[in-house]
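Adding 183 to a residue's 1-based position in the sequence shown gives its number in our numbering.
First comes the structure, then the notes that go with it.
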Amino acid sequence: MDLLIINASELVTVAGGSQKPVTGRQMRELGIVRNGGLAVKDGKIVAVGKTAEVTKAFKAENIINANGKTVLPGFVDPHTHMIFAGSREDEFQMRIEGASYMEILSAGGGILKTVRETRRASVEKLVELGIETLNVMLEHGTTTAEAKSGYGLTTKDELKILQVIQRVNQLHAVDVVPTFMGAHALPPEFQGSTQTYVDLVVNEMIPRIAEKNLAEFCDVFCEKGVFGLEQSRRILAVGRNCGLKLKVHADEMSPLGGAELAADFGAASADHLLFASDEGIEAMAEKGVVAVLLPAAAFSLMSGHYADARVMINRGVAVALGTDLNPSCFAENQQLVVAFACHLMRLTPAEAIIAATINAAHAICRAGEIGSLEVGKKADVIVLDVPNHKFLGYCLGVNVVDKVVKNGRVVVDKEAQRGEFPILKE
Ligand SMILES: [Zn+2]
184 MDLLIINASE
194 LVTVAGGSQK
204 PVTGRQMREL
214 GIVRNGGLAV
224 KDGKIVAVGK
234 TAEVTKAFKA
244 ENIINANGKT
254 VLPGFVDPHT
264 HMIFAGSRED
274 EFQMRIEGAS
284 YMEILSAGGG
294 ILKTVRETRR
304 ASVEKLVELG
314 IETLNVMLEH
324 GTTTAEAKSG
334 YGLTTKDELK
344 ILQVIQRVNQ
354 LHAVDVVPTF
364 MGAHALPPEF
374 QGSTQTYVDL
384 VVNEMIPRIA
394 EKNLAEFCDV
404 FCEKGVFGLE
414 QSRRILAVGR
424 NCGLKLKVHA
434 DEMSPLGGAE
444 LAADFGAASA
454 DHLLFASDEG
464 IEAMAEKGVV
474 AVLLPAAAFS
484 LMSGHYADAR
494 VMINRGVAVA
504 LGTDLNPSCF
514 AENQQLVVAF
524 ACHLMRLTPA
534 EAIIAATINA
544 AHAICRAGEI
554 GSLEVGKKAD
564 VIVLDVPNHK
574 FLGYCLGVNV
584 VDKVVKNGRV
594 VVDKEAQRGE
604 FPILKE
């Protein structure tokens, strides 16, 4: 064997949810093995069980002793806008002082500032920034992340961002799954003619991107004042015809029917859902559309309003969690998202862990290879410096990751990097 992980006080397998997303009461079943261990060969998990069984059957030079620690599948982050240039800390202060997202957007700020800066940035610069972001994500336990375009908003710049995503995926240990989101905002040069921009998205952008195989998903910001239901419908239809799987930014700021739209199209996920209607939630449950909830984004909007995760789980919708990392929600850390989900949406730690691992993998159609610790899956494993899984969510604002194993290779080792601790006065 290449690697054994042994003696975990809890080995949280999240097993059994690879075929279809985990729903309802099943979201409380983590498949925990106490004093657990696993064996890794050629980047894959080859055995999972009690430490005694694993060490009896397998030998390896490289052994992680997880005594007193909790072992989990690497986090999957199914919703990020991680490729962008610049930052928006000034706007953050405006928001604290009461300006709304839409007011900032109308004043040419918000997303449009990021679009200007991202258009000006070179591929090399964006790759460099993307790598830095992925380093932070990996240190916090994320081993696979989705990444959307949408700060270019011209054919050339959207292609550029998707090429950056492709490049960082080739370079960095974290696997990055590309989504085209040309319909993220109306670019300034199309003000007042949304329809003309939608024409560009469907007639030029989507076919070019599909032909070059630069995206796996097509997403749209379906929102009052951004892209309406009919425009979103057109974009999703063309995306689907060009072979892309679908996602929808749905019902984030107003109840527009985005959840219903995602269900109509059999989308892989509908995301945000703060204002999803009862009918929309029912339709999502029926069609198996994953609800990707983004409490860090809702938190950063400062409205005090969150998606109703409890109602969704009760109605049989599979709930997943993502960061929504973007310049107005500067959050790379899925542990923080898990804590927000527990504190602000009343998920139990078990439900939040399912949501940030196997259900998140379903939201990006990767549940066959990641999202749980099961034989045959990629050895994407995190070792947490806490004695049981309930500390996730309970710990606020600290990074409890001790080690990250990606494709069977130890890529983060805080214990080894920590140096001399404790630091005493003398
Ligand atoms: Zn988003």
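Think of the CB as a built atom: it goes at the ideal place given N, C-alpha and C, for glycine as much as any other residue.
| Query | Result |
| --- | --- |
| Can you give me the start and stop residues for the alpha helix (DSSP H) that methionine 364 sits inside? | Careful: methionine 364 lies outside any alpha helix (DSSP H), inside the beta strand (DSSP E) at 358 to 366. |
| So is the beta-carbon of aspartate 225 under 7 Å away from any non-hydrogen atom of ligand 1? | no |
| Taking the continuous beta strand (DSSP E) assigned at valine 193, which residues delimit it? | Looking at the sequence provided, one finds glutamate at residue 193 rather than valine. Where glutamate 193 is concerned, the enclosing beta strand (DSSP E) stretches over 186 to 195. |
| Which residue comes first and which comes last in the alpha helix (DSSP H) that contains proline 390? | 389 to 394 |
| At 3 residues or longer, and completely inside the region 450 to 503: list those beta strand (DSSP E) runs for me, N to C. | 452 to 455 and 473 to 476 |
| Classify glycine 324 as buried or exposed, calling it buried when 16 or more other Cβ atoms lie within 10 Å of its own Cβ. | buried |
| For asparagine 250, which beta-bridge partners are listed by DSSP? | Ala191 |
| Going straight from the alpha carbon of isoleucine 294 to that of threonine 196, what length do you get? | 39 Å |
| How many Å lie between alanine 480 and cysteine 405 at the Cα? | 16 Å |
| Would you say the region 508 to 522 touches the region 198 to 207, given that touching needs at least three Cβ pairs under 8 Å? | no |
| Helix, strand or coil: how does DSSP classify lysine 589 here? | strand |
| With H, G and I counted as helix, E and B as strand and the rest as coil, what does DSSP make of isoleucine 279? | helix |
| At a cut of 8 Å, does the region 499 to 519 reach the region 224 to 234 through at least three beta carbon pairs? | no |
| Out of Met265, Glu286 and Leu369, which one is the CA nearest neighbour of valine 319? | Met265 |
| Based on Cα-Cα distance, which residue from Ser511, Ile496, Asn516 and Asp491 lies nearest to methionine 669? | The question about residue 669 has no answer here: the residues shown for the chain are numbered 184 through 609. |
| Assuming leucine 255 contacts valine 237 under a Cβ cut-off of 8 Å, what Cβ separation, rounded to an integer in Å, is found between them? | Wrong, their Cβ atoms sit about 17 Å apart, outside the cutoff. |
| Whole beta strand (DSSP E) runs in the region 547 to 589 with 3 or more residues, listed along the chain? | 564 to 567 and 584 to 589 |
| In whole angstroms, give me the CA-to-CA distance for valine 558 and glycine 214. | 14 Å |
| What is the C-beta distance between alanine 356 and lysine 589, in whole angstroms, given that I count them as a contact (C-beta under 8 Å)? | 5 Å |
| Look at glycine 269 and lysine 308 and say whether their C-beta atoms are less than 8 Å apart. | no |
| When you measure from the CB of aspartate 618 to every non-hydrogen atom of ligand 1, does any distance come out below 7 Å? | With the chain represented from 184 up to 609, any question about residue 618 goes unanswered, as that position is not in the structure. |
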